[in-house]
Amino acid sequence: MFSPDKSRRVASRSILLPASRLSATVWPAALFSLSLSLLLLLSAHANAQTKRLVILKLDGLPYDTVDRVVREQDPRTGKSQLPWIDYVFYQRGTRLENFYVRGISLSGPSWSLLETGQHQQIKGNVEFDRYTMHAYDYLNLLPLFVKGARGKQVDMPAVEVLDSLGVPLLSDAYAHQEKYSGFSVYQRGPRYLTLTNALQNRFKLPPRELFDEWTMGLETRSMVMDELIRELLKKLKDPRIEYLDLVLNDFDHVAHHNGDNSSQLQVLKEIDALIGTVWTTIQQTPDAERTALVIVSDHGMNTDPQIYGQGFNLVKLLGSSAGGGHHVATKRRLLLDYAIKGLIPFYDSIITATRDSYYLRGQSKEYPTAMLDFDGNERAAVHLRDSDLNLLHILLQQLQRKDLEARLRAPLTDAFFNVREHRRAEWQSELNELKEELGALNRSIAKQQMLFEQQPKQLTEEEKKQGRDDEINRISSQLDRWRRNEREYSEFARVLTNLLALKKDTFNAGRIRIEEIIPKQSMGDRNDVYRLQNYVVGLAPVGLVLNPAGSLDMERSFVRVNYFALLHDTTVRNNLQSRVSNRPVDFVATSIPAKSLAPLVPESDKLERDVVWAYKSDDKQALIFARSDDAGQLSFRYQPIKNLRQSTDGQITFDIVEWQTGLPLEIVEDPALSLPAGSTKEWLSQWHTDLEWLGALHRTQHSNGLIGLFETVGRHALAQQPTAGTPDEMLMRRFVQKQRDLVEADLLVLANNHWNFDARGFNPGGNHGSFLRISTHSTWMLAGGSQTGIPRAFVIKDPYDSLSFVPTMLALTGNLRDDRSLAPELTRKGFGPFPGRVVKEVIGKQ
Amino acid sequence: MHHLKRESKGLDKNKAYFGVLDIRKLYRRSWSVARCSRGILLVLACLIGNSVAAQTEVNQQETTTPDLFRLERVQVDGGAELVTIHAKLDSIGGESHEPEWVPLVSVLRDTLGDSKLENDRLRYLWELTYTRPTFWQRVSGAVPFMYTHIGSKQHADKVPPPLMDLSAADRDVWNKICWRALQTILIDPVGTPIRASSRSYQQNITDLRRSHIIRALSLLTLYQELGHEPIFTAAEQKEIQARLLLTDKTFGGLVDELKLPGFYQKQASRVEDNVGHNWELLRQQAEANGLYFEPLEMPDGRATHALLWVAKSDLAKRPVERFDPRFLSISDPWSDKRLLNWDGYSDKRYFDREHRRIESAGPETAEVELIPLALYGLDNPKIPALLVDFRDKRNPKRREMSRRVLQDVTRNVLAVSQFGDIPYLLGRSVFDFVTGRRGMDINQPSRLKTYAQLKLLLSLDDSLEPELRSEISDRVETVSLNPMENSIQAERKLARQQYKALLAYATRPDGLPAKLARDRRAEMTPLEHGKLAQIFFRLANVVSFGKYSHREPDGLDIVGRLDLARQRSYHTKFLREVARTGSENSAKVELAPKIEVVWNLDQVKSSLRFLAEYGSRQDGKAVVAAANIFARTNDDETRRACLAALSQINNGKARSELLRISEQKDVDDDLRSLSVQYLANRRGTDAVTNSNTGTGSPDR
């Protein structure tokens with residue numbers, strides 16, 4: 000299946016990984032694996048004869064919509080409204096009737112599952128590093144092309160993150176010259192030729208066509224996509240290319256804007272025609288019988304022609320005095336289409352200053368205190384600055400006041416040091432770790448610099464064809480990223496060191512520059528539940544209050560916000576659509592370390608490290624526990640609770656309640672819940688594997704939300720992570736993992752049905768991003784020549800989720816057996832065990 | 000009703016030909032009238048119109064749908080029917096609140112007197128509230144900067160001007176170009192007063208027509224959406240709507256008919272997009288400013304406009320600290336003392352605990368007295384268009400005027416053109432960009448469209464309180480900048496009068512039947528003359544500003560030949576559409592998907608067979624279509640039909656396609672031999688045909 004020169008790809012990946020990792024770990028494993036699986040591989044080849052994969056990745060294409068429209072008859076032709084989907088996939092292929100996004104129904108994270116087959120490492124379309132406020136903008140392609148021209152960036156940011164974690168993409172299974180990929184969020188290498196050809200070909204039309212187009216309004220939006228399609232069709236004729244993919248965003252784009260059936264039908268027809276063209280082209284190639292055409296979507300779309308999607312502006316809420324008076328950092332500009340600056344695609348975080356800030360008025364640039372990722376619409380991720388940093392900041396400001404009453408100075412100073420001491424151990428430990436990692440980072444930078452200098456300055460055409468230029472640029476790009484990391488984290492470490500170094504006996508607030516003690520443009524650590532329930536936003540209107548004992552009254556002296564209650568209790572006065580609630584927020588979720596629940600949960604030592612807490616109201620809450628067995632099989636338990644609280648000393652308390660209606664995810668009241676006969680609450684209260692839960696829940700309104708919540712909120716260790724290596728390699732691995740931990744938000748806010756949090760613009764047509772079935776129910780269909788073994792006119796009714804996609808593709812091409820045994824070539828390329836199941840129904844049936 | 004139409008279309012061919020004889024008589028009569036004095040006769044005809052209508056037996060049938068629309072069909076002698084949509088409109092401002100039926104849109108369908116849809120042609124479309132302006136309206140329209148309504152036309156007893164000739168959309172293009180040339184070359188150099196006045200007149204005339212086109216479009220869409228008896232086929236409906244939309248573009252009338260459905264769909268999606276965005280933008284702004292948002296819907300449930308209200312009880316407590324006027328374009332209601340003592344219209348509303356509006360008071364409901372602040376149009380690019388400011392009548396007008404004043408001063412008075420003055424071009428571009436991008440409600444595209452829709456909404460939406468409707472109606476008239484516009488009340492009367500005149504015209508032998516006959520003779524031109532002659536005739540038409548139209552003499556077998564020509568055109572269009580499907584992405588035809596998956600091959604073969612029987616040498620487009628279909632199907636029968644069609648058409652292009660196919664190695668031997676055979680046969684036929692025919696159509 001793989002040609003010998005695929006080793007080139009291995010070489011390129013080795014550059015991305017810490018030095019000598021391959022030689023130390025992967026090669027022996029690969030050799031061992033090679034000898035063991037040779038026979039299996041040969042037999043696999045004998046069964047599955049799919050030589051070539053053609054994958055059309057259709058952003059946001061909902062299965063139900065496609066299925067409905069395929070069954071509609073076009074009155075003009077007497078055929079299906081989508082005749083090619085009908086012809087290729089319904090009559091000659093296999094479709095999965097119940098295919099779901101695992102996790103949040105959001106493009107960035109969802110494609111990561113479909114690209115890697117591994118648990119979510121990327122949790123949003125945009126992510127923020129809490130320490131440095133660095134924004135990972137996974138969806139913006141323009142910087143890739145601009146920086147790429149200078150050799151400063153080769154891959155999309157999401158690919159860079161996955162590379163740093165050692166997680167390969169499906170396309171990485173193929174050598175550079177054996178694959179063709181369109182432009183996407185998970186793109187490797189910018190292709191400028193596509194852009195120039197797009198421009199040229201856009202106007203290469205017969206004069207009459209050009210005249211008509213000019214008269215009707217020249218469309219340039221589809222220019223690049225048209226060129227990518229032309230390229231795909233051309234590449235299909237090249238027998239050397241074994242993997243082709245193309246991402247089409249049109250349906251998602253249109254459906255966000257327009258909820259009407261005719262606009263959506265139009266774009267579906269365009270997709271259908273493309274499928275027809277691709278299929279026809281495949282049929283004219285010598286490998287047609289061994290080619291599989293696959294369409295897959297990353298999520299569904301919550302769209303209804305009768306309802307306008309309503310937006311709720313969380314930036315405004317967080318900026319209001321009730322919301323904490325935060326200066327809010329976002330990656331997307333608010334009302335982008337109405338801003339002149341919105342035309343500039345290259346910008347760092349955008350800070351929306353508030354006039355309602357309690358203590359940071361005019362300091363929005365230096366001290367934003369909230370970061371919001373509202374991308375993805377039906378959900379938002381909220382980062383709030385460590386509440387204790389707020390407290391320290393306010394106390395310092397007060398202590399620096401020249402008019403501060405003398406009687407307050409000592410209690411304030413005490414309070415300042417009390418807060419710091421309360422966190423000292425935690426911060427010191429983090430600082431120590433960070434310093435170790437920065438040391439390793441510095442050494443890695445030196446090695447990477449040497450590696451870069453060793454690279455040839457001139458390349459032959461043949462080497463370029465093999466992607467060698469990209470490989471060299473990757474080294475340089477990695478070097479730049481590491482240098483930036485070193486700079487940014489060092490600055491954070493420096494200021495934190497200063498804070499920890501302050502001594503009470505020599506403390507003189509007047510001499511201190513606050514920015515030397517409280518890191519600028521940083522959120523600090525994640526807030527725990529206590530801090531989120533008692534978040535300090537400013538000085539109380541009554542001012543600083545002392546206890547009878549003379550110490551500062553920490554409760555009365557500050558304005559505090561309970562963000563769970565605030566978000567849930569928000570209502571609107573314009574409630575116009577009968578099927579839309581006046582509450583924009585459905586529920587809020589966050590993770591709680593399993594160890595902090597130890598006294599309350601008997602099996603806490605067996606739990607995954609994060610427990611999900613879903614808050615719908617004070618008396619409607621749930622904890623979702625997860626554990627995995629030795630084989631890596633995940634199981635979950637949903638525990639209805641109420642009144643979860645955390646005290647200042649970290650102790651958590653809650654009341655267990657019976658299963659009832661109105662709990663997060665609204666499971667028990669859902670008529671589509673499918674449980675074994677005679678059991679409801681009993682079954683629901685037990686541990687079940689993710690497959691069992693999926694089977695029970697997938698048809699409910701929130702589909703696989705229970706599994707999805709853990710996938711999104713919880714952190715996932717990678718199965719293929721090597722456990723050995725040099726000390727620097729281990730430190731670098733820890734550092735990369737820390738970076739992932741630092742993008743974990745405080746709160747995941749889930750919108751109520753037909754609500755969204757998009758403040759960049761308006762999405763009246765439809766939205767996605769939630770766990771609602773309409774948003775998670777995706778499309779996956781396959782068809783192929785007779786030798787691919789893909790069944791004809793076959794419908795798979797069993798539910799599957801997106802973790803199944805990559806292993807199934809690899810199994811289809813004969814590179815994976817029994818869900819676990821990978822072709823040695825792939826193991827060498829960094830592929831590891833897949834947590835998802837292979838859809839066996841499509842493998843080798845006729 | 001529909002079955003009655005079928006009945007009338009079910010006339011046999013003999014009967015249709017009798018109809019033709021009648022038409023010929025009418026032609027002769029009308030031609031002689033034209034030669035004597037066309038204008039005088041028209042006046043006379045109008046005068047006697049009513050009595051003619053009373054005396055002539057009109058084949059008039061009506062369909063009534065219980066709610067909003069009624070369809071009326073009137074058979075026109077010579078083989079056509081006049082289809083009219085009547086709407087039940089609510090009374091505005093008058094004493095009576097009873098709804099009344101008003102004719103709004105009429106379309107003439109030339110059926111050639113038979114039941115075949117393939118040879119039908121849609122001709123004229125009348126929007127019956129569209130009238131010729133009065134003398135004073137015209138004078139006012141020619142006065143520069145006269146941006147005001149000067150009063151309505153009171154009587155319209157003449158035949159209404161058609162809004163568009165659907166069968167000759169291109170004519171409009173040449174007229175426009177001619178007028179522009181005339182303006183630029185002859186009128187503009189005369190001096191500022193003449194330039195400003197003539198341009199102002201042209202602008203107002205154009206805007207008047209646009210405004211009625213928008214209403215016709217909205218009405219046709221609404222009629223279609225409500226699922227009434229179809230007047231047009233789905234394809235016709237889209238084509239008409241696209242043609243109407245393209246009247247905005249200078250060369251819109253020249254766009255290939257195959258592109259029309261796609262264009263229409265794009266525009267329809269754009270409208271949905273605009274409305275949805277503005278709905279949401281206004282709702283969010285209302286929410287942020289503590290106001291109440293209320294969308295106003297057309298009878299089909301589509302929101303086209305929205306009202307903003309403020310609660311009287313909120314005025315004292317001021318629920319928001321700062322009023323953000325962005326996008327709302329109204330002054331701060333929270334600091335407006337007039338609202339505290341508001342004596343204008345207000346309305347009591349009831350809301351439940353979830354703040355959902357309910358009809359009446361009940362337990363746990365809140366009663367809120369609301370004061371209207373503004374009304375906005377939603378179908379407007381980028382931002383909602385302020386149409387009524389209940390506290391400042393002139394506010395929307397000032398905003399509407401901002402762009403027009405700028406345009407009139409620079410172009411009409413100062414004669415500064417963006418193409419001729421670089422500093423102006425740069426300055427204007429920056430100004431347009433900033434105001435447009437930021438969504439500032441000055442210098443924005445005209446609110447003509449949404450203003451025209453509001454007029455329709457006010458007539459059709461019976462959910463609005465009569466008092467509020469009346470108030471809106473009074474205020475909205477001030478938005479119009481066009482002195483040629485008529486008021487809503489006047490338009491109803493005018494529509495009835497014009498319809499009466501149209502009916503009379505349709506039943507007069509020298510009226511619509513005669514016009515129809517003239518049009519058919521003009522339609523014969525391409526069948527009688529070669530391309531050069533056609534260009535010459537077109538040129539003559541253009542330079543005479545449409546006064547001269549070449550028409551073939553009477554006495555030819557017009558109906559029979561038009562029947563054939565139209566059917567050929569129908570089948571050619573269908574085959575072109577088939578050939579075009581899905582080929583957009585393919586550089587090469589053979590990569591394009593097979594047509595049998597998408598189309599019903601029986602339909603395709605039927606059209607090919609028609610061409611195989613009646614194809615003409617002029618069918619160049621059909622050749623391309625047949626050749627493409629041949630390449631894109633594996634069905635043997637269809638491929639044979641393609642070859643037969645090419646053989647019948649037998650022009651140079653068709654022969655070269657046959658030759659090409661005969662040389663293709665991947666084509667079946669049988670088909671290749673058939674191509675060769677056709678080529679050989681046709682050479683013989685050519686010799687005979689060429690000796691018999693000079694120029695023009697082989698149908699002769």
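The listed protein sequences correspond, in order, to chains A and B. Taken in order, the first sequence gives residues 0 to 845; the numbers are from numbering that gives the first Met the number 0. Taken in order, the second sequence gives residues 0 to 699; the numbers are from numbering that gives the first Met the number 0. Don't be surprised by glycine CBs; every beta carbon is placed ideally from N, CA and C. Given the structure is predicted, the values throughout are model-derived calculations rather than measurements.
Between the segment 334-366 of chain B and chain A, which residues of the former have a C-beta closer than 7 Å to a C-beta of the latter? 353, 354 and 355
Residue 109 of chain B (DSSP reduced to helix, strand or coil)
strand
Worksheet item: Of the choices B:185, B:297 and B:286, whose alpha-carbon is the least far from that of residue 324 of chain B?
Response: B:286
Taking Cβ positions only, does residue 318 of chain A come closer than 9 Å to chain B?
no
Can you check whether the C-beta of residue 254 of chain B is within less than 9 Å of a C-beta belonging to chain A?
yes
Return the bridge partner residues of residue 611 of chain B from the DSSP annotation.
Residue 611 of chain B pairs with nothing; no bridge assigned.
Which same chain residues, not among the five before or five after residue 618 of chain A, have their C-beta less than 8 Å away from its C-beta? 641, 642 and 656
Interface partners of residue 272 of chain B on chain A, CB under 7 Å
256 and 257
- Task: Report the residue from A:455, A:438 and A:511 whose alpha carbon sits nearest the alpha carbon of residue 482 of chain A.
- Result: A:438
List the residues of chain A that residue 276 of chain B touches, going by C-beta distances under 7 Å, in chain order.
761 and 763
Check each candidate in A:447, A:448 and A:472 and name the one with the smallest Cα separation from residue 457 of chain A.
A:472
task: May I ask you to report which of helix, strand or coil DSSP gives residue 113 of chain A?
output: Here residue 113 of chain A carries a helix assignment [DSSP, helix/strand/coil].
Residues of the segment 279-297 of chain B whose Cβ lies closer than 9 Å to any Cβ of chain A, in chain order: 279, 280, 282, 283, 285, 286, 287, 289, 290, 291, 292, 293 and 294
Practice prompt. Identify which residue in B:258, B:328, B:222 and B:316 has its Cα closest to the Cα of residue 299 of chain B.
Written response: B:222
Query raised in the report: Does any residue of chain A bring its CB to less than 9 Å from the CB of residue 444 of chain B?
Result: no
Q.
Tell me which residues of the segment 274-285 of chain A have at least one Cβ-Cβ distance to chain B shorter than 8 Å, keeping chain order.
A. 275, 276, 278, 279, 280 and 283
* **residue 754 of chain B at chain A interface by Cβ criterion, 9 Å** => Coverage of chain B is limited to positions 0 through 699, which leaves residue 754 of chain B absent and any answer about it impossible.
Discussion item. The ligand SAM and residue 509 of chain A: does any heavy atom of the ligand fall closer than 8 Å to the residue's C-beta?
Written reply: Among the ligands in the structure shown, none appear at all, so the ligand SAM cannot be discussed.
May I ask you to verify whether the segment 440-451 of chain B touches the segment 472-486 of chain B, counting CB pairs closer than 8 Å and requiring at least 3?
-> yes
- In chain A, which residues lie less than 7 Å from residue 593 of chain B when you measure between Cβ atoms? 279
* To do: Would you check if there are 3 or more beta carbon pairs closer than 8 Å linking the segment 327-335 of chain A to the segment 808-815 of chain A?
  => The segment 327-335 of chain A and the segment 808-815 of chain A do not touch, with fewer than 3 CB-CB distances between them shorter than 8 Å.
message = Using only CA atoms, which one of A:508, A:229 and A:621 lies nearest to residue 398 of chain A?
response = A:508
ask   = residue 332 of chain A versus chain B: which residues are under 7 Å apart at the beta carbon?
value = Neighbours of residue 332 of chain A on chain B: none; closest Cβ ~12 Å, over 7 Å.
inquiry  = Could you give the first and the last residue of the continuous alpha helix (DSSP H) run that contains residue 597 of chain A?
reply    = Run containing residue 597 of chain A: none; DSSP gives neither H nor E here.
* Asked: From the beta carbon of residue 75 of chain A, is the nearest beta carbon of chain B less than 9 Å away?
  -> Yes, because at least one Cβ of chain B sits closer than 9 Å to the Cβ of residue 75 of chain A.
| Around the C-beta of residue 528 of chain A, are 16 or more other C-beta atoms found within 10 angstroms, so that it is buried, or is it exposed? | buried
Using the C-alpha atoms, what's the distance from residue 195 of chain A back to residue 201 of chain A?
When only Cα atoms are considered, residue 201 of chain A and residue 195 of chain A end up about 10 Å apart.
* To do: For residue 598 of chain B, go through chain A and note every residue whose CB falls closer than 9 Å to its CB, in chain order.
  => 75, 76, 77, 78 and 82
Is it the case that the Cβ atoms of residue 494 of chain A and residue 517 of chain A are separated by a distance below 9 Å? yes
Bridge-paired residues (DSSP) for residue 718 of chain B: The requested residue 718 of chain B does not occur in the structure, where chain B is confined to residues 0 to 699.
Exercise. Take every Cβ of the segment 121-130 of chain B, pair it with every Cβ of the segment 456-474 of chain B, and state whether three or more of those distances are shorter than 8 Å.
Key: no
Residue 738 of chain B, enclosing alpha helix (DSSP H) - first and last residue = The shown model of chain B, from 0 to 699, leaves out residue 738 of chain B, and the question about it has no answer.
Quick check on DSSP: helix, strand or coil for residue 55 of chain A? strand
| field | Assigned secondary structure, residue 206 of chain B (DSSP; H/G/I helix, E/B strand, else coil) | value | helix
Handout entry: Simplified DSSP assignment, three categories, for residue 476 of chain B
Key = helix
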